[in-house]
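Below is one structure, written out as structure tokens; the observations come after it.
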Ligand code: ATP
């Protein structure tokens, strides 16, 4: 049940390489306990929004030049990425980014590093949600299938025990059945662990099927927002994002 705002992005402007203006006054809120979807076409600035919230812009020569971001009531606009993980924000990146040369279990343990030594129960929790990862725990991550790597990436993000789990295109490159499975896991994490989820997706119908609230962005701004039901029923959303026009 959505509560007060956990993440609030207030009118931010983001610039890459000191000249490329990508976010132009973007505002959105992710209420505690909710699943919020951020949708929009290629290049709209969705990944940039997640990077701004997770503190990863500096590694890409990007910076927030206006506006602010608050998490759990505190201003985090300019604090570094590791500190944000400690506070409970975890990002699962597009393209998965697992450590290919490490085993599945080593990847999971690495996911907990900002929180100190992971306990056995942290690993058990991830294995309970993703039983396949337990079977694969000694395998080298680089040899896993795309879907298995995606599960590993989500599992690794969970090892940091996030209150806010952000996911960039979890369905990317996956077969429909696997997409359904991954979205099922995301829904369970939210319902059972109370993890707040902020998900960026190209697959708008899948995302709106699990989300409580959605935002649609174009060219660095939010152009439409509403409950998932409102967005699913909106004729423009149907035509441009759900392919039902
Ligand atoms: P996609 O779904 O294609 O990933 P997106 O909505 O996530 O798109 P972003 O990846 O945030 O969009 O990119 C928004 C714009 O910012 C694009 O025009 C992109 O070329 C540009 N951009 C992204 N990263 C950088 C970077 N590191 N340096 C310069 N420009 C960048």
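Numbering (full-length UniProt numbering), first residue to last: 18 to 262. Even glycine gets a Cβ: it sits at the ideal position worked out from N, Cα and C.
Residue environment: residue 37 is assigned as exposed (fewer than 16 neighbouring CB atoms within 10 Å of its CB, all protein chains considered).
One Cα belongs to residue 167, the other to residue 92, and the distance between them is close to 31 Å. Scanning the stretch 150 to 234 for uninterrupted beta strand (DSSP E) segments of 3 residues or longer gives 181 to 185, 213 to 218, listed from N- to C-terminal end. Cα atoms of residue 131 and residue 106: separation of roughly 11 Å, rounded to the nearest angstrom.
In chain order, 121, 122 place their CB closer than 6 Å to the CB of residue 154, counting only its own chain and leaving out the 5 sequence neighbours on each side. For the options 127, 214, 237, the alpha carbon positioned closest to that of residue 227 is the one of 214. For residue 59, the Cβ falls inside the 6 Å cut-off from some heavy atom of ligand 1.
Distances between the C-beta of residue 63 and the heavy atoms of ligand 1 include at least one below 6 Å. Taking the CA atoms as reference points, residue 70 sits about 10 Å from residue 95. Counting along the chain, residue 104 sits inside no beta strand (DSSP E); it lies in the alpha helix (DSSP H) bounded by residues 98 to 104.
Relative to ligand 1, the nearest heavy atom lies less than 6 Å away from the CB of residue 77. Around the C-beta of residue 128, 16 or more other C-beta atoms lie within 10 Å, and the residue is accordingly described as buried. Around the beta carbon of residue 65, 16 or more other beta carbons lie within 10 angstroms, which makes this residue buried. Counting only the Cα atoms, residue 150 lies some 41 Å from residue 42.
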